[in-house]
Amino acid sequence: MDQLKKEFNDVAFELGIDNPAIIEKDFWIVHLLTLIAKVESGVFTIIFGGGIALAKSHVKIMRMSEDVDLKIIPRSNWQSVNRSERKRMRKIFQEQLLATIITDDAFKITEKPIKRDEYRYVEIEIRYPQQYQIAPCLRPIIKLELMETTLFEKPDHRAISSLVAELYRRDTEVKEFLCVNIESTFVEKIVSMLRRTALAERNPEKDDETLIRHIYDVHLIATSYKLDLANVFSIFSKVVSEDIAKYGRKHPEFTDNPFDEMKYALLQLKNNKKYAQRFEAYVAPMVYNQQPHDFKTCFATFEKISADILDQRSFSSVF
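One point on numbering: in numbering that gives the first Met the number 0, the residue at position 250 of the sequence shown is 249, and numbering is uninterrupted.
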């Protein structure tokens, strides 16, 4: 552990990150992924998504991400299986995954996992070794989320390395993991940011201050990766449709007119100072990017892209 602590300090210094706890958490997240990568199933495919999958892609968003988002994709004959059997198979798979994780003494499950919708969604809090006082911008646990969902594009095959392995030029810890492709991640972040902001404005109990990280990620993708815009528009309509199906009952305004609701969210993000303050609290400390990445810069990109997509008349007949 003493050697690891030295390496965490060295990498934090090299990247200009004030708190080595950020490097420490990245290291243990990747270690967790080495265990998850060993899980095999004849029923489900695990696809790695979210901020960490993006951070470990060739886009290089230069931001530490702290949640592990796994998309659980059933095999093609899934709908022919009856409801009770599907529930049983999800439960068995998730128990197998948890059993694999706790074989490593580094990890402890802190509380009983949250399970919803017949095991379609599971949230697990995992304690990891900590040698530093946790940074204010970090959760003291790794949040592992499993969501059974649809994949809109073919996944990418990626190797995944911790920041320690990258800086010390060591072998990649995870040789290969299926990951959500860049354009799908890009779209999901835009829709999630807008939908959940609108919901939180109407129902403050649903607020998540860390969501603001999506604005930085969208800015980095848009400014460093050549997107296929036709594909982005196509994926966008599919993601909106899926979100209506998943969350519409709890967010009727989004169901009735998703585009007006997302435009409402865009105005809130622009005009309410709390979002810029959240950006400073939850994004700035986790970024090691030498290029300008303040809220004004990142939101200008996010706003333009979101407005361009929302103004596409071709979507108006879809819903």
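Positions of the beta carbon are idealized from the N, C-alpha and C atoms, including for glycine. Predicted model only: the values in this text are computed from it and were never measured.
Check                                                                                                      : Outcome
Residue span of the beta strand (DSSP E) that contains G48, given as start and end                         : F43 to G48
Paired residues, beta bridge with K142 - DSSP                                                              : D66 and E124
Whole runs of the alpha helix (DSSP H) within the region 126-185, excluding any shorter than 4 residues    : 162-166
Endpoints, beta strand (DSSP E) assigned at R115                                                           : I113 to R115
Neighbour-count burial assignment, G50, 16 or more Cβ in a 10 Å radius                                     : buried
P203, buried or exposed, once every other Cβ within 10 Å from all chains shown has been counted against 16 : exposed
Sheet register partners of V286 (DSSP bridge)                                                              : R62
Alpha carbon of D1 to alpha carbon of P19, nearest angstrom                                                : 13 Å
Contact the region 286-298 vs the region 25-45: 3+ CB pairs below 8 Å                                      : no
Reference Y120; option with closest CA among A280, C178, K245 and D227                                     : K245
Beta-carbon gap between A280 and C136 smaller than 8 Å                                                     : yes
Proximity of S40 and F92 at Cβ, strictly below 8 Å                                                         : yes
Three-state secondary structure assigned by DSSP to K272                                                   : helix
For I72: DSSP bridge partner residues                                                                      : T44
N-terminal and C-terminal residue of the alpha helix (DSSP H) that V38 is part of                          : No alpha helix (DSSP H) contains V38, which DSSP labels as neither H nor E.
Buried versus exposed call for P251 [16 or more other C-beta atoms within 10 Å across all chains shown]    : exposed
Exposure label - E65; buried when at least 16 CB within 10 Å                                               : buried
Residues sharing a beta bridge with I21, DSSP                                                              : The partner list for I21 (beta bridge, DSSP) is empty, contrary to what the question assumes.
Of the residues T254, N180, P154 and E147, the one placed nearest R405, counting alpha carbons only        : The requested residue 405 does not occur in the structure, where the chain is confined to residues 0 to 318.
Residue span of the alpha helix (DSSP H) that contains A319, given as start and end                        : The requested residue 319 is not part of the displayed model; the chain covers only 0 to 318.
Euclidean distance between Cα positions of S316 and R248                                                   : Confidence at S316 is low in this model, with a pLDDT of 42, below 50, so the placement of that residue should be treated as unreliable; the coordinate-derived value is given next. The alpha-carbon atoms of S316 and R248 are separated by roughly 21 Å.
8 Å Cβ cutoff met for F185 and L210                                                                        : no
Three-pair Cβ contact test at 8 Å for the region 100-114 versus the region 71-83                           : no
Sufficient close CB pairs (3 or more, under 8 Å) joining the region 146-154 to the region 128-135          : no
I21 burial status per 10 Å Cβ neighbour count (16 or more: buried)                                         : buried
Alpha-carbon to alpha-carbon, A221 and T171                                                                : 27 Å
Cβ-Cβ distance between H213 and M192 below 8 Å                                                             : yes
Beta-carbon proximity of V231 to E187, cut-off 8 Å                                                         : no
Where S83 falls: helix, strand or coil (DSSP)                                                              : helix
Buried or exposed by the 16-neighbour rule on C-beta atoms within 10 Å, applied to R82                     : exposed
A306, buried or exposed, once every other Cβ within 10 Å from all chains shown has been counted against 16 : exposed
Continuous alpha helix (DSSP H) stretch holding I304: start and end                                        : F294 to L309
K142 and E117 closer than 8 Å at C-beta                                                                    : no
Residue range of the unbroken alpha helix (DSSP H) whose run includes H250                                 : Note, H250: premise wrong, no alpha helix (DSSP H); not H, not E.
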